[in-house]
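Peer 1: The numbers in our numbering rise by one with no breaks, and the one at position 67 of the sequence shown is 241. Before anything else, here's the structure in question.
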Amino acid sequence: MQARFILAAVVSAAALLSATGCAVVRDQESVGAYVDDATLTTRVKAKFAADPTVSAMSISVETMKGVVQISGFAKSAEEKRMAEKLARDTSGVMGVRNDVVVRS
Numbered sequence: 175m176q177a178r179f180i181l182a183a184v185v186s187a188a189a190l191l192s193a194t195g196c197a198v199v200r201d202q203e204s205v206g207a208y209v210d211d212a213t214l215t216t217r218v219k220a221k222f223a224a225d226p227t228v229s230a231m232s233i234s235v236e237t238m239k240g241v242v243q244i245s246g247f248a249k250s251a252e253e254k255r256m257a258e259k260l261a262r263d264t265s266g267v268m269g270v271r272n273d274v275v276v277r278s
């Protein structure tokens with residue numbers, strides 16, 4: 175259990191450190207929008223790390239203008255569904271694109 179909290183803290187810290195030094199990418203309106211997207215990505219990743227169903231290491235998260243895209247591989251349909259639910263239930267998320275593939 176403590177390992178999940180440590181993983182969540184490491185993921186959060188890495189995302190915040192990398193977001194502060196990045197330039198605005200194409201199709202985004204402002205630095206503020208970029209920081210907001212980075213914050214959403216960090217929140218979703220932290221939820222993945224805290225949930226026993228979802229493998230935070232196997233599912234990646236990207237955010238653009240409030241829309242979260244999750245991709246990677248899940249071990250079951252339940253893991254895929256839970257990853258989408260956790261992302262949708264994150265405050266500030268405008269939509270979720272679920273590109274996770276279930277591997278048996």
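Each residue gets a CB set at the ideal place from its N, CA and C atoms; glycine is no exception. In this text, all values refer to a predicted model and were calculated from it rather than measured experimentally.
1. Considering just the uninterrupted stretch of the beta strand (DSSP E) at Ala248, what are its terminal residues?
2. Could you tell me which residues DSSP pairs with Met238 in its beta bridges?
3. Would you say the stretch 202-217 touches the stretch 246-259, given that touching needs at least three Cβ pairs under 8 Å?
4. Please report the distance separating the alpha-carbon of Gly195 from that of Met268.
5. Looking only at C-alpha atoms, which of Val275, Met231, Val270 and Asp210 sits nearest to Val242?
6. Between Ser278 and the rest of its own chain, which residues show a CB-CB distance below 6 Å, the 5 nearest in sequence each way excluded?
7. On the premise that Ala220 lies in contact with Ser232, defined as a C-beta separation below 8 Å, what is that separation, rounded to the nearest angstrom?
8. What do you get for Asp273, buried or exposed, if any count of 16 or more other CB atoms within 10 angstroms of its CB means buried?
Peer 2: The short version:
1. One-based indexing of the sequence shown puts residue 248 at position 74. Going by DSSP, Ala248 is part of the beta strand (DSSP E) stretching over Val241 to Ala248.
2. What you label residue 238 is simply residue 64 of the sequence shown in a count that begins at 1. Partner(s): Val241.
3. The stretch 202-217 vs the stretch 246-259: no contact.
4. One-based indexing of the sequence shown puts residue 195 at position 21. One-based indexing of the sequence shown puts residue 268 at position 94. The predicted model places Gly195 with a pLDDT of 49, which falls under 50 and marks its position as unreliable; any figure quoted below should be read in that light. Cα atoms of Gly195 and Met268: separation of roughly 25 Å, rounded to the nearest angstrom.
5. By 1-based counting over the sequence shown, the position of residue 242 is 68. The shortest C-alpha to C-alpha distance from Val242 to any of Val275, Met231, Val270 and Asp210 is the one to Val270.
6. Within the sequence shown, the letter at position 104 stands for residue 278. If you ignore the 5 residues before and after Ser278, its C-beta comes within less than 6 Å of no other C-beta in its own chain.
7. Here residue 232 is taken as the residue at index 58 of the sequence shown, counted from 1. Here residue 220 is taken as the residue at index 46 of the sequence shown, counted from 1. The C-beta distance from Ser232 to Ala220 rounds to 16 Å, too long to meet the 8 Å contact threshold.
8. Numbered from its first residue, the sequence shown carries residue 273 at position 99. Taking all protein chains in view, the Cβ of Asp273 is surrounded by fewer than 16 other Cβ atoms within 10 Å, so the residue is classified as exposed.
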